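This report concerns only the one structure given below.
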Amino acid sequence: MKKKLTEIAPTLSKAPTGIAGLDEITGGGLPAGRPSLVCGNAGCGKTMLAMEFLVRGATQFGEPGVFMMFEENAAELTANVRSLGFDLDKLAAEKKIALDYVHIERSEFEETGEYDLEGLFIRLGHAIDSIGAKRVVLDTVEALFAGLPNHAVLRAELRRLFRWLKDRGMTAIITGERGEGSAITRYGLEEYVADCVIILDQRIQEQISTRRLRVLKYRGTAHGMNEYPFLIGAHGFSVLPITSLQLDHEVSVQRVPTGVARLDEMLGGKGIFRGSSVLVSGSPGTGKSSIAAKFIESACARGERALFFAYEESKAQIVRNMRSIGIDLATPIKKGLLEIHSSRPTLQGLEQHLVMMHDLVRTFHPTVVAVDPISNLTMAHDDAEAKPTLMRLIDFLKKEQITGIYTSLTSGGDATSAPEDSQLYVSSLMDTWLLLRNVEFTGECNRTIFVRKSRGMAHSNQVREFVVSDTGIDLVDVYLGGDRVLTGSARVAREAQERAVSTLRGEDHQRKLRQLASRRKAIEAQIAALQAEAEAESEEVHFVIAQETLQEKTTHQNTSAMAQQRGGATGTNGQMKQRR
Amino acid sequence: MVAAAAHAATRYVLRLYVTGSTPHSTRAISNIRKICEEHLDGRYDLEVIDISQYPSLAKGEQIIAAPTLIRKLPLPLRRFIGDMSQTQRILLGLDLRKAESSSAKLP
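Going down the list, the protein sequences come from chains A and B.
Each residue of the first sequence is one higher than the one before, starting from 0 at the first, in numbering that gives the first Met the number 0.
Each residue of the second sequence is one higher than the one before, starting from 0 at the first, in numbering that gives the first Met the number 0.
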């Protein structure tokens, strides 16, 4: 006894199930060496869960297992699980799995006194020994209650059976039908299997069925208490992984361009962080899908892989429509860099959509995922339910370092109402939020964009006009006219007006310069005329002087000649006389 | 007595599956032997099989409860579980009571 006590490790040892998500919820798997109860209504996947536990145990963890079935026979079960890719015949031949079909027909039995179920023990023991099993599944042991009339004996024997499994160190799954009302199982099996109880449930809400799993009880360990949606897909059972329990994902400092240069400029000049989540919200026709498509196109152009989940348009339609605005999605599809998955949001429950997305992301390994639009996914669900599931998706992508771009349709159409109200409260989960709006002014409706928030970077607070043309999408500065922004024609008119004003001003300057030049020319001409005049005057003066000098000289000569003629009289007197 | 004689000629093939020498097993063996000797004198073939020795037989014969008695012949196949202490039930199940009562009425 003492030895046994010391053998028990402080933490419960666990047997991994290998089922995607379940090991995360249970913190490593089912209690090793103990029986666990899996219960649920018909058709909710008990057998599949148990089978996958066994097959994964045998193939991945080197623990062979015995599947003892009470309802289906071995051939039926083998056929059923083949659809999940499990080849039981092969596993049985390799002695990894032993199947035993226990058939009980009430009408064949006649009770003739006291009995026990030692036969069952011997069969199980024999099966376990034949392959050295470590795992056991009893599916559905409750069928014995219908087969054997003496329930008192049966209960005692089942109690002994579970004890016996524990003593043999078998990690076991016992499946049971869900009971009425508050009862966990119809025949109270939970009384005997008390270590771990998992409840499976299938619920239909608004005509969409969702399967859910809940760990009701797990003795001696912490476990996720919530209901987790699960799916039985082509790769088996898959519980939506819980990544939102912890916020410890790695973050990247790498920046990714959005494909729209002006938008990158608004986001600190470099674009968004790799692995961050971007919400593009807006009313119908504001260009949300175009932004998402542009982002994907640019990612693919860099050689990255991208997944596009579309819930409004078909693949061909998206490719055609995006081509019309100069976004080429056909080339990356051809190169295998892009996959577009179009489906109706009402095709299946939100959880199933998300599980499907998980599967696709896991197999395709994209670096960019776009969901267009995220709001459609939640159309058929109430917000309270939608948020945690969306949160899981967003967290999952973040953890995988995948950049997520989610568009969201808002009901409030114009700028006056607040489209922020209808964001399913997911905006708080987003790192970057681009808000697109229609602005109606002067008889036309134009798109505007602004960065509502962007964590971890300096971002622009400016509203830009968002222009979609056949050459692509671009952002243009808006004009502030009075108390509102001007977009579209109003912006163009304003631009033209400004251009005209500046042209006029330019012409005015030219004219002034010309005037100045001609004035200068006039002045220069004036100067030249004046100079000419001055020259002319000076010439005149010189001429007069010369004339007068000559005259004087002539007079003097005449006087002297006269004086000579008069003989010695002075010129002066003669002159004086002459004057008199 | 013709019908009774025909009945009396029917050969019974019985298999009793027990698990070791538990009280149930030993009681069942002695009980069924007694019934056979009293009602099927000389026309029965009883085999007692310990499935703890031959566990693979348990799967083939769909044995769950122990002890289990299987009437292989005459057909149809019948199963009895328990320590064979309720003699009347066994006789009814083996169609031995019916034969007796009808033979009693005949003359």
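All C-beta atoms, glycine included, are put in the ideal place defined by N, C-alpha and C.
Model, not experiment: these values are computed from the prediction.
- By the neighbour-count criterion, in which a residue is buried when 16 or more other Cβ atoms sit within 10 angstroms of its Cβ, residue 526 (chain A) is exposed.
- One thing to note: residue 336 (chain A) has its Cβ within 8 angstroms of the Cβ of residue 304 (chain A).
- Note on residue 34 (chain A): 16 or more other CB atoms within 10 angstroms of its CB, so buried under the neighbour-count rule.
- In this structure, residue 402 (chain A) and residue 372 (chain A) do not form a Cβ contact; the two beta carbons are roughly 17 angstroms apart against a cut-off of 8 angstroms.
- For the stretch 55 to 66 of chain B, the beta-carbon criterion of a distance under 8 angstroms to any beta-carbon of chain A is satisfied by 55, 57, 58, 61, 62, 63, 64, 65, 66.
- Here the alpha carbon of residue 532 (chain A) sits roughly 15 angstroms from the alpha carbon of residue 522 (chain A).
- Put simply, of B:45, B:21, B:10, B:54 the residue whose alpha carbon is nearest the alpha carbon of residue 68 (chain B) is B:45.
- The beta carbon of residue 80 (chain B) sits closer than 6 angstroms to those of 64, 67, all from its chain and outside the five residues before and after it, given in chain order.
- Taking 8 angstroms as the CB threshold, residue 20 (chain B) stays off the interface with chain A.
- Note that the C-beta distance between residue 225 (chain A) and residue 311 (chain A) is not below 8 angstroms.
- Nearest neighbour of residue 148 (chain A) by Cα position, chosen from A:121, A:172, A:105, A:120, turns out to be A:105.
- Rounded to the nearest whole angstrom, the C-alpha separation of residue 262 (chain A) and residue 474 (chain A) is 7 angstroms.
- If you look at residue 339 (chain A), you'll find it isn't in any alpha helix (DSSP H); it sits in the beta strand (DSSP E) that goes 337 to 341.
- Taking the Cα positions, residue 62 (chain B) is about 52 angstroms away from residue 394 (chain A).
- When secondary structure is reduced to three states using DSSP, residue 225 (chain A) falls in the coil class, being assigned neither helix nor strand.
- In this structure, residue 485 (chain A) sits near residue 493 (chain A), with a CB-CB distance shorter than 8 angstroms.
- By the neighbour-count criterion, in which a residue is buried when 16 or more other Cβ atoms sit within 10 angstroms of its Cβ, residue 334 (chain A) is exposed.
- When 9 angstroms is used as the limit between beta carbons, residue 82 (chain B) is near these residues of chain A: 111, 112, 113, 114, in chain order.
- Under the DSSP assignment, residue 294 (chain A) falls in the alpha helix (DSSP H) whose first and last residues are 287 to 300.
- Taking 8 angstroms as the upper bound for CB-CB distance, residue 285 (chain A) and residue 446 (chain A) are in contact here, some 5 angstroms apart.
- Within chain A, no residue has its beta carbon less than 9 angstroms from that of residue 38 (chain B); the closest one is some 14 angstroms off.
- Taking residue 323 (chain A) as reference, the option from A:292, A:298, A:301 with the minimal CA-CA separation is A:292.
- Look at residue 169 (chain A) here: in three-state DSSP terms it is coil, with no helix or strand label.
- Ranking A:259, A:238, A:269, A:264 by CA distance to the CA of residue 253 (chain A) puts A:269 first.
- By the C-beta criterion, the stretch 149 to 158 of chain A is judged not to be in contact with the stretch 17 to 35 of chain A, since fewer than 3 inter-stretch pairs fall below 8 angstroms.
- Within the stretch 22 to 43 of chain A, not one residue has a Cβ closer than 9 angstroms to any Cβ of chain B.
- Counting C-beta atoms within 10 angstroms of its own C-beta, residue 190 (chain A) has fewer than 16 neighbours from the protein chains shown and is therefore classed as exposed.
- DSSP places residue 334 (chain A) in the uninterrupted alpha helix (DSSP H) bounded by 329 to 334.
- By the criterion of a C-beta distance shorter than 8 angstroms, residue 118 (chain A) is surrounded by no residue of its chain, once the five residues flanking it on both sides are discounted.
- The alpha-carbon separation between residue 464 (chain A) and residue 319 (chain A) amounts to approximately 25 angstroms.
- A buried status is given to residue 24 (chain B), since no fewer than 16 other beta-carbon atoms sit within 10 Å of its beta-carbon.
- Pairing residue 45 (chain A) with residue 184 (chain A) gives a Cβ-Cβ distance that is not under 8 angstroms.
- Among the CB atoms of chain A, one or more fall inside 8 angstroms of the CB of residue 51 (chain B).
- Rounded to whole angstroms, the separation of the alpha carbons of residue 392 (chain A) and residue 434 (chain A) is 21 angstroms.
- At least one CB atom of chain B sits nearer than 8 angstroms to the CB of residue 108 (chain A).
- Per the Cβ contact rule, the stretch 123 to 134 of chain A is in contact with the stretch 57 to 69 of chain A (3 or more Cβ pairs under 8 angstroms).
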